[in-house]
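Trainee:
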Amino acid sequence: MELKAAIGKLERLGPVQSLLRRRYVRRFATVHGTNCWLGVYGSFEEALRAAPQTAPVGYNHASAASLYEDMVNRVQAKDYPALYWLRRTLDRASTVFDFGGNVGISYYAYQKYLAGCGPSHWTVCDVPAVINAGSRRAVEQGATALQFTSSFSDASGCDVLFTAGTLQYIESPFDALVETLFRRPAHIVVNMMPTLPDRTVITLQNIGISYCAYRIIERGALAPALQRLGYVLEDEWINPETRTRMPYADDMPGITWIGQYYRLAVS
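Going by my numbering, the sequence shown opens with residue -19, and the numbers climb by one from there.
(1) Does the separation of the CB atoms of Ala109 and Ala44 fall below 8 Å?
(2) Since Cys16 contacts Phe8 with CB under 8 Å, what's their CB separation in whole angstroms?
(3) Give me the Cα-Cα distance between Ile218 and Pro36, rounded to the nearest whole angstrom.
(4) Taking just the CA atoms, how far does Ser46 sit from Ala203?
(5) Is the beta carbon of Tyr60 sitting closer than 8 Å to the one on Asn82?
(6) Going by the DSSP bridge assignment, what does Asn171 pair with across the sheet?
(7) Where does Asp215 fall in DSSP's three states?
(8) The ligand SAM and Trp102: does any heavy atom of the ligand fall closer than 7 Å to the residue's C-beta?
(9) Exposed or buried, what is Leu70 when buried is set at 16 or more other beta-carbons lying within 10 Å of its beta-carbon?
(10) Any contact of the stretch 155 to 167 with the stretch 186 to 200, i.e. 3+ C-beta pairs under 8 Å?
(11) Give me the residue from Phe77, Pro177 and Tyr87 with the minimum Cα distance to Ile235.
(12) What are the boundary residues of the beta strand (DSSP E) that Tyr64 is part of?
(13) Start and end of the beta strand (DSSP E) containing Ala193?
(14) Output the boundary residues of the beta strand (DSSP E) element that contains Gly18.
(15) Suppose you measure from the CA of Gln56 to the CA of Leu94; what does that come to, to the nearest Å?
(16) Where does Ile182 fall in DSSP's three states?
(17) From Asp215, Ala31, Val76 and Thr14, pick the residue whose C-alpha is nearest to that of Val136; which is it?
(18) By DSSP, does Gly13 sit in helix, in strand, or in coil?
(19) Closest to Trp65 by CA distance: which of Glu216, Gly188 and Ile189 is it?
(20) Using a 10 Å radius around the Cβ and a threshold of 16 neighbouring Cβ atoms, would you call Ala118 buried or exposed?
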């Protein structure tokens, strides 16, 4: 313990901090920096301009379809609250719109847990390069209930709008997207959303194949925005997540990963 405390004290010294930060920046620009964050920016555009030249920017690349291959057919602890509300809502619903669902990873992973109340249609919305791969997989798997689109407007009229680990990569505020829908979903289930207690910040993330702008929102911001559209926040939970701090952002509070369930009270 004494050695650990001494190392911690040494790391806080100015010259050492500077050296460690330069090493972190170099690492961030390589494959070893995958899933790491760097910097705080005023906009998505500014964040992407700051990206290293060692990889492309954005998510619309064919290789993004295999990023979460280890999560297909696999449920993690952070999935269970969302699964609970999907089961509750799908007792009365038949269509799910999965915003940012990649190749259908949640559809495949959740099937055995939704037995008896599974939707007649599960539509995944993602970038074109990813949904092309997802469509091929669905044919191979015989997943006739699984469909794909790259247009968020196709969420209009769905029973459940589900999104997990996606909103942080979307430049438009989520409530602004929902507001554009001609018929708003009766239920919204949000999962794996990084939040800060007192601010919203934009950073840059290395996702391995590219660099993406990444928004960490103020924890209390989404609920009033969706309430303005007629939604009632029925439940909120904390996801277990090990990445809880922004490196070398000393004034940044801890990050809390959350999920929420909303019900449409007025149409």
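Even for Gly, the Cβ is constructed at its ideal location relative to N, Cα and C.
Mentor: The structure says:
(1) yes
(2) 5 Å
(3) 32 Å
(4) 32 Å
(5) no
(6) Ala144
(7) strand
(8) The ligand SAM is absent from the structure shown, which contains no ligand whatsoever.
(9) buried
(10) no
(11) Pro177
(12) That residue, Tyr64, is in no beta strand (DSSP E); its alpha helix (DSSP H) goes Tyr60 to Leu70.
(13) Tyr191 to Glu198
(14) Note on identity: in this sequence residue 18 is Leu, with Gly being the wrong assignment. Trp17 to Tyr21 is the extent of the beta strand (DSSP E) around Leu18.
(15) 15 Å
(16) strand
(17) Per the sequence shown, residue 136 should be read as Ser rather than Val. Answer by Cα proximity: Val76.
(18) helix
(19) Glu216
(20) buried
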